[in-house]
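K.L.:
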Amino acid sequence: STYHVEQLASAVGGDLVNVEMMSTMNVPVHDYEPSASDLIRLNQADVFFYHGLGLEPWVEGALASMDADG
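Written out as structure tokens, the structure reads:
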């Protein structure tokens with residue numbers, strides 16, 4: 027989701043994983059809103075890591091929507 031999460035996932039997974047950051051560097055993490063293409067990529071992901079505790083407020087709604095859609 028963010029640069030720090032991307033760096034952590036890359037460090038843990040190394041060459042065995044393909045890590046993509048969803049947010050952009052010039053937008054504060056709590057202000058980021060995913061585009062339609064971001065949500066498609068999220069829906070296609072095998073694993074999604076993100077900051078909890080409300081730091082990324084869009085995540086809960088997006089995940090709930092995908093769960094409802096199947």
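So for the sequence shown, this note's numbering puts the first residue at 27; every next one is plus one. Note that CB positions come from ideal geometry on N, CA and C, so glycine has one too.
Using the Cα positions of L42 and P60, report the straight-line distance between them to the nearest angstrom.
P.N.:
The alpha-carbon atoms of L42 and P60 are separated by roughly 26 Å.
K.L.:
Please determine, among G78, G39, E82 and S63, the residue with the shortest C-alpha to C-alpha distance to D57.
P.N.:
Measuring from the Cα of D57, the nearest candidate turns out to be E82.
K.L.:
On the premise that M47 lies in contact with Y76, defined as a C-beta separation below 8 Å, what is that separation, rounded to the nearest angstrom?
P.N.:
About 11 Å separates the two Cβ atoms, so there is no contact after all.
K.L.:
What alpha helix (DSSP H) runs, 4 residues minimum, are completely inside the region 28-73?
P.N.:
Those alpha helix (DSSP H) runs which fall completely within the region 28-73 and span 4+ residues are 29-39 and 62-70.
K.L.:
Excluding sequence positions up to five away, which residues of its chain have a Cβ less than 8 Å from the Cβ of T50?
P.N.:
Here the set comprises Y58.
K.L.:
I'd like to check one pair, E32 with V45: are the Cβ atoms closer than 7 Å?
P.N.:
Taking 7 Å as the Cβ cut-off, V45 and E32 qualify as a contacting pair.
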